[in-house]
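So the sequence shown is numbered by the working numbering: it starts at 2 and just counts up by one.
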Amino acid sequence: MTNNIQQQIEQERDQARAVCDVSGATSPACAAAWDAVEELQAEASHQGLTKPKTNFQQYCDDNPDASECRIYED
């Protein structure tokens, strides 16, 4: 998931640069584009505060039907 948000940040940066080139560095559109980049960076930072998944949790995410990953309720 982290790679996905990093890719989004890069895409938003590229888009912000393009918007600013077209509409000018002091335009409202340019400011809004960079605000979107900052929001994604804040989200990435926030996600960094959570505990990383263990290898087993990652395995279960990738293989939810595996017998090791079954959850039984009482």
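Ideal placement from N, C-alpha and C gives every residue a C-beta, glycine not left out.
In the structure shown, R71 adopts coil according to DSSP, grouped into three states. With contacts defined by Cβ atoms closer than 8 Å, L41 and Q8 do not form a contacting pair. C-alpha of A26 to C-alpha of R14: approximately 14 Å in a straight line.
Exclusion of the five residues before and after D22 leaves no residue of its chain whose Cβ lies closer than 8 Å to its Cβ. Within the segment 3-46, the complete alpha helix (DSSP H) segments at least 4 residues long are 3-24, listed from N- to C-terminus. The alpha-carbon separation between H47 and K54 amounts to approximately 15 Å. Under the three-state reduction of DSSP, D62 is assigned to helix.
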